[in-house]
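Structure record follows, encoded as structure tokens.
2 protein chains.
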Amino acid sequence: MAELQLIPKGEFDRVAAADGDASLGLLADMCRVNALVAVKRAGSGHLGSSFSSLDVVVHLLWCELNVAGLGWDHPDRDIFFSSKGHDVPGLYAALHALGVVTTERLLRLRRLGGLDGHPDVGVPGIEANSGSLGMGLSKGRGMAWAKRHLGRGGRVVVMTGDGELQEGQNWEALASAVHQGVGNLWAIVDRNELQSDRPTEEILALGNIETKLRAFGWHVESCDGHDHAALTRAFSDLNGAPTEVPKALVARTIKGRGVSFMEHPRALRDGGGTYRWHAGAPDDEHFALAFDELVGRIDDGLAGLGLEPLRLEPVTSPEESPAVSLVGEPESGVGARASRMSDEYVAAAYGEELVALAERAPELVVLDADLASDCRVRAFELALPSRFAEVGIAEQDMVSMAAGLARQGLLPVVNSFASFLASRANEQIYNQASERTKVVYALHYAGLIPAGPGKSHQSLRDVSLLSALPDLTIVQPTNAAETRALLRWAVEEAPGSVAIRLAIGPSPRLIESPLDVREGCGNVLVDVEGPTLLAYGPVMVHEALVAAETLAARGLPLRVIAMPWLNRFDGDWLADELVRQDDVFVLEDHATVGALADALRRTLDSVGASTRMTAFGVEGWPACGTPPEVLRAHGLDGVSLADRIALGIGAKTPW
Amino acid sequence: MAELQLIPKGEFDRVAAADGDASLGLLADMCRVNALVAVKRAGSGHLGSSFSSLDVVVHLLWCELNVAGLGWDHPDRDIFFSSKGHDVPGLYAALHALGVVTTERLLRLRRLGGLDGHPDVGVPGIEANSGSLGMGLSKGRGMAWAKRHLGRGGRVVVMTGDGELQEGQNWEALASAVHQGVGNLWAIVDRNELQSDRPTEEILALGNIETKLRAFGWHVESCDGHDHAALTRAFSDLNGAPTEVPKALVARTIKGRGVSFMEHPRALRDGGGTYRWHAGAPDDEHFALAFDELVGRIDDGLAGLGLEPLRLEPVTSPEESPAVSLVGEPESGVGARASRMSDEYVAAAYGEELVALAERAPELVVLDADLASDCRVRAFELALPSRFAEVGIAEQDMVSMAAGLARQGLLPVVNSFASFLASRANEQIYNQASERTKVVYALHYAGLIPAGPGKSHQSLRDVSLLSALPDLTIVQPTNAAETRALLRWAVEEAPGSVAIRLAIGPSPRLIESPLDVREGCGNVLVDVEGPTLLAYGPVMVHEALVAAETLAARGLPLRVIAMPWLNRFDGDWLADELVRQDDVFVLEDHATVGALADALRRTLDSVGASTRMTAFGVEGWPACGTPPEVLRAHGLDGVSLADRIALGIGAKTPW
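Residue numbers (my numbering), protein chains in the order written: chain A, 423 to 1077; chain B, 423 to 1077.
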């Protein structure tokens, strides 16, 4: 990676001193530079949305809000946070410029002990956790209601995406804000007209947002979200609106603003209809182009204000292994992902097999909630558009729509991230299952990795959320071949609904698995006399094998079994492989509560086995960082596991 | 109960033969009579909403839709279902009149093997499961999308409540229907202006629904929902609207229509601002008044059409014990409940203690999602209106609002039914907890009982849905005193968030419990030498004691422990009471997956105990019926448990 340079805080102070709207535009571009550097160093992060919102963010923090003056813990402070959350690299850059976030921490975006990939209140200046969409207006209303109740000053300003408004909770919050007369709540819609990689009007048309907000009783203004004079007028209008009426600004913005080749609509044309700068770090060439363009324009602007050119500081903190993942990085941009579409990828195999299965299964239809690229169903959409339904960012609607499709005899395959689908649509999944129809739920990005996006995206509860549903089978394949086989089984053989957990990428090693699906049976990978370790998914099975190799080197044999079935077991297989075992260890790609170990304990207890089972998994809140960092932090990397197993062996097993 | 009379199917045929709008009004009143009888016999059910929607339902089924002619399994049939679901007694009466539901089954409303308290596709003529609000438009759109995709004829007509539109999922569905051009989808809003017991405009103002629906791109008509000539015109207008545009009718109706003292607004005035006919069966006196008023008007109408008076048939099927509950009946009407507000009631104790705690805890605020009476927080609302927030039927918004309140230092106590709160707002609860703030979640109507409302309301997954959340403690009190103590502990002592499960009513017996809260410890109720049975909540602890008494009579001693802590245990207590036990049985008021037994197995395994644990709980889908019927159906009544325990004892414990 090219040597990186950052704009130090002092430069922001120098520019801020030069008042006038021009300086605000410069400050925003300067934040863009630092956000770009932070994301480049992190290896991932959302630039498009950070850039579209940054003029508004800078205008709020430097001009409109009192928080920078009062301090981030003052009870009367104005509160600002972003509901969409993925624009946080821009906010981090602004907080760094204001001296709230240190340079060291800014350079540790998406790293352990650094800055979370999505907002977390553990970071100074962050007022709310977000990242899963659509909760911000409700939460902001709670803060504003509390301020009124406690007699505290200050407004609560919530930034939302435009696509984010597809999430139904927003409309609950909009109605309640009016009914409760919470007039100290402001909503700012970052109207950049692009979702993750396609226009909002293609994914799910929002139509006239102003009209909808007014129909819900809000006072609404709109303006160019990059024009600071217009923002000044708009905010002054909001301040003049009736006290008890909640206020909204629809800020017309440009996704990728500030870097010509990242700007919508040009970037969309360049990408052949797909926007590639929503997430992921640019390669060195594009980074240099973006950096130079921004710095060049800033220097021109400084000259225009009669100020010296920008003084950049080289990034001196030691170059650490960049956040390139063991198993592919989340949200690393369509372009970046496309190049990795190899058959070794669980996710890629899923997308390819889905298209293949569709030929044999005319009843198969695919549903998506604005994650078609990440969930690898874009190919299906292009190949079979009449059998693809896009519902926008609305997981509940997607699942209940699938229930309706299934009642008509179709077989819906429902796609989203595990963290969103299993939790937000949980009651809808229960309702669908209660109609005894069959739906296949594809839970993408399941497990601890990817860890860069942080806890809103890491799915460590999904198995527990689905485990008490009658007749639902939960599986997780270990490799690409097993992904194809289990998906085939789910579509063509499974009697009821199936949840298939999918890791984002491949295992660092190719893991052998039988070609045929053996229902409820595991796959013995290391067959030795010794305690047994069960694991599932490419990430954890790899760590399990590392643990076995580490222990073998110490002369301690460890059996390793890959177990793709998380809540259904073959009795005979269990009797042969586990019942006579004294010590069984389970490595969960999940919390230690509610997943494979619990299901095995239930089953072994029911047959009177006295097997002692120890579960390794995520305890507490998942850490944010690179895969190696996070696995180590939770003691789930192979070497740590080897030590824990050696310590954990009961008296029963002689070593 | 007075002897009941029903209107036989033949009478409906006779009236239907007399064409004209007058006959439709008569048919609707005749359905009201039979719905009234069915609810009276069931002991519970929703009359107000059934009566407000019945003119529309009758008009659709007898005039507008093709389904009665084509049959309920024809691919080209028009599909009708109600999203709100609790108006199903009216629909059952209509299906009975059309010969789809037998008289025997109509008379078994909310009874085992009869008609579910909320719609279930297992019942002939029922097209969709509903009962949890806000899913219908999404599901109906799925059906309509599938009809178009498969080239099938017929419309999909979804009835929604007006209060139901507060649920955000509706707005996801409304937007998608327009974007997807699903023009064969109709929405009919039963605009009766009342929620469970208060006006929509008081709970959460809906404003002008027509304007909102039009802002979302729908073709909207509105008319008097009891005027069949107006309904004819409105439906003809909808049929004439553009093919690809989804269509909505806002039907202005009167809740309780047809029975003068049940009609809004009179009933609201009589109830001093509270509507008491939303749910629950009328007493004998009110039943007779309602029955006579309806039959009298029908006979007048028949005379006006030159027809003979109504021929009623006495209900001859054997009088069974009516559905009066062991533990109080769900949704049995505010009036009915008020008389049962004794301190023996877990729920009543909760409501009273909440008010008492508020004096000592100024930061305590209470949130409600239109279940203030059922959740016993109406008293708090009246006593401390400035510390009470009503969000309407919007659980997600309620939880995220609570998260915002907590970020401002308040302590929100969040109320809804366990089945809705733990599932629909699951991701919002996770997001709140991830901010490390403290919120108390009151999960009402938790467990198998009440069983009358059916599976949409029975909460047998809530513990599993919350179990993998770090730092959340889950408790369920056994009696009123323990309810007060645990709520005090949750508010004043618990370090983090707490979920408190509450049964609707008391145990049939007063169960002793220590006055002080002993964190993580159970309460030994029967202390003998023998296998141990743990249970929680008034319903199951009572059955556990019955099991012990039954076994004692056979000379088989059974230890019984009430265990209010479902996911946190005191190590010393566990060591003293369980670790040395060979056979431990756990009686779950929950599915056998994901609750107390799983948590105990995890803990005992971690200390190397070889205790064999057997869990009794709900397997598969919960049955609908009276408490005794349903407990027996699942083998969870005391006598069945005694047999299962006697059989289940391992060789280890000598009996």
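Positions of the beta carbon are idealized from the N, C-alpha and C atoms, including for glycine.
May I ask you to report which of helix, strand or coil DSSP gives residue i?
{"i": "histidine 648 of chain A", "result": "coil"}
{"i": "lysine 669 of chain B", "result": "strand"}
{"i": "glutamate 643 of chain B", "result": "strand"}
{"i": "leucine 631 of chain A", "result": "Reading off the sequence, residue 631 of chain A comes out as isoleucine, not leucine. If DSSP states are grouped into helix, strand and coil, isoleucine 631 of chain A belongs with the helices."}
{"i": "proline 807 of chain A", "result": "helix"}
{"i": "glutamate 594 of chain B", "result": "helix"}
{"i": "phenylalanine 434 of chain B", "result": "helix"}
{"i": "glycine 750 of chain A", "result": "With a pLDDT of only 37 at glycine 750 of chain A, under 50, the local geometry of the prediction cannot be trusted, and the value read off the model is given with reservation. Of the three classes helix, strand and coil, the one that applies to glycine 750 of chain A here is coil, per DSSP."}
{"i": "glutamine 830 of chain A", "result": "coil"}
{"i": "threonine 675 of chain A", "result": "coil"}
{"i": "asparagine 488 of chain A", "result": "coil"}
{"i": "phenylalanine 991 of chain B", "result": "coil"}
{"i": "glutamate 735 of chain A", "result": "strand"}
Which chain A residues sit within Cβ distance under 9 Å of residue i?
{"i": "serine 618 of chain B", "result": "The contacting residues do not exist; serine 618 of chain B stays about 17 Å from chain A at best."}
{"i": "serine 1032 of chain B", "result": "Ser1032 and Arg1034"}
{"i": "asparagine 945 of chain B", "result": "Under the 9 Å cutoff, chain A gives no residues; its nearest Cβ is about 24 Å from asparagine 945 of chain B."}
{"i": "arginine 674 of chain B", "result": "The premise fails here: arginine 674 of chain B is roughly 19 Å from chain A at the closest Cβ pair, so nothing lies under 9 Å."}
Spatial neighbours of residue i within its chain, please: C-beta separation below 7 Å, excluding the five flanking residues on both sides.
{"i": "glycine 639 of chain A", "result": "Val600"}
{"i": "glycine 598 of chain B", "result": "Just to set this straight, residue 598 of chain B is serine in the shown sequence, not glycine. Cβ within range, chain order: Arg563."}
Whole angstroms is fine: what's the gap from residue i's alpha carbon to residue j's?
{"i": "valine 777 of chain B", "j": "arginine 906 of chain B", "result": "11 Å"}
{"i": "aspartate 705 of chain B", "j": "glutamate 715 of chain B", "result": "15 Å"}
{"i": "lysine 669 of chain B", "j": "alanine 595 of chain A", "result": "25 Å"}
{"i": "serine 504 of chain B", "j": "glutamine 602 of chain B", "result": "22 Å"}
{"i": "asparagine 853 of chain B", "j": "serine 554 of chain A", "result": "8 Å"}
{"i": "arginine 620 of chain A", "j": "glycine 695 of chain A", "result": "7 Å"}
{"i": "glycine 507 of chain A", "j": "valine 543 of chain A", "result": "12 Å"}
{"i": "arginine 883 of chain B", "j": "leucine 924 of chain A", "result": "24 Å"}
{"i": "serine 761 of chain B", "j": "isoleucine 1067 of chain B", "result": "With a pLDDT of 31 at serine 761 of chain B, under the threshold of 50, the modelled position of this residue cannot be trusted; read the value that follows with caution. In a straight line, the C-alpha of serine 761 of chain B is about 38 Å away from that of isoleucine 1067 of chain B."}
{"i": "asparagine 592 of chain B", "j": "threonine 665 of chain A", "result": "29 Å"}
{"i": "glycine 493 of chain B", "j": "leucine 537 of chain B", "result": "20 Å"}
{"i": "tyrosine 514 of chain A", "j": "leucine 528 of chain A", "result": "7 Å"}
{"i": "asparagine 989 of chain A", "j": "isoleucine 896 of chain A", "result": "6 Å"}
{"i": "glycine 678 of chain B", "j": "serine 841 of chain B", "result": "27 Å"}
{"i": "aspartate 477 of chain B", "j": "threonine 622 of chain A", "result": "40 Å"}
Beta-carbon within less than 6 Å of residue i's beta-carbon, same chain only, minus the 5 sequence neighbours each way: which residues are those?
{"i": "valine 862 of chain B", "result": "Val835, Ala912 and Val920"}
{"i": "alanine 490 of chain A", "result": "Leu483 and Leu520"}
{"i": "leucine 517 of chain B", "result": "Val523 and Gly547"}
{"i": "leucine 626 of chain A", "result": "Gln588 and Gly814"}
{"i": "aspartate 992 of chain A", "result": "Gly942 and Cys943"}
Can you find the residues in the same chain that come closer than 8 Å, C-beta to C-beta, to residue i, ignoring five residues on each side of it along the sequence?
{"i": "alanine 745 of chain B", "result": "Confidence at alanine 745 of chain B is low in this model, with a pLDDT of 43, below 50, so its placement is unreliable and no value can be given for it."}
{"i": "alanine 1055 of chain B", "result": "Leu534, Ala1045 and Gly1047"}
{"i": "alanine 438 of chain B", "result": "Ser445, Leu449 and Trp484"}
Identify the contact partners of residue i in chain B, using a Cβ-Cβ distance below 8 Å as the criterion.
{"i": "aspartate 1086 of chain A", "result": "Here chain A covers residues 423 to 1077 and nothing more, so residue 1086 of chain A does not appear."}
{"i": "tryptophan 1043 of chain A", "result": "Ser856 and Pro892"}
Is residue j closer than 9 Å to residue i when the C-beta atoms are compared?
{"i": "aspartate 509 of chain B", "j": "valine 479 of chain B", "result": "yes"}
{"i": "serine 644 of chain A", "j": "alanine 673 of chain A", "result": "yes"}
{"i": "alanine 969 of chain A", "j": "leucine 1063 of chain A", "result": "yes"}
Could you name the residues of chain A that residue i contacts, counting a contact when the two beta carbons are closer than 7 Å?
{"i": "leucine 908 of chain B", "result": "Per Cβ cutoff of 7 Å: no residues; leucine 908 of chain B is ~22 Å from chain A at best."}
{"i": "glutamine 588 of chain B", "result": "Glu594 and Ala597"}
{"i": "serine 504 of chain B", "result": "By Cβ distance, chain A contributes nothing, its closest Cβ being about 14 Å from serine 504 of chain B, past 7 Å."}
Find the residues of chain B that neighbour residue i, judging by a C-beta separation of less than 7 Å, and give them in chain order.
{"i": "histidine 601 of chain A", "result": "Leu626 and Ala627"}
Residue i versus chain A: which residues are under 8 Å apart at the beta carbon?
{"i": "tyrosine 852 of chain B", "result": "Ser845 and Arg883"}
{"i": "arginine 1023 of chain B", "result": "Asp1020, Arg1023, Arg1024 and Asp1027"}
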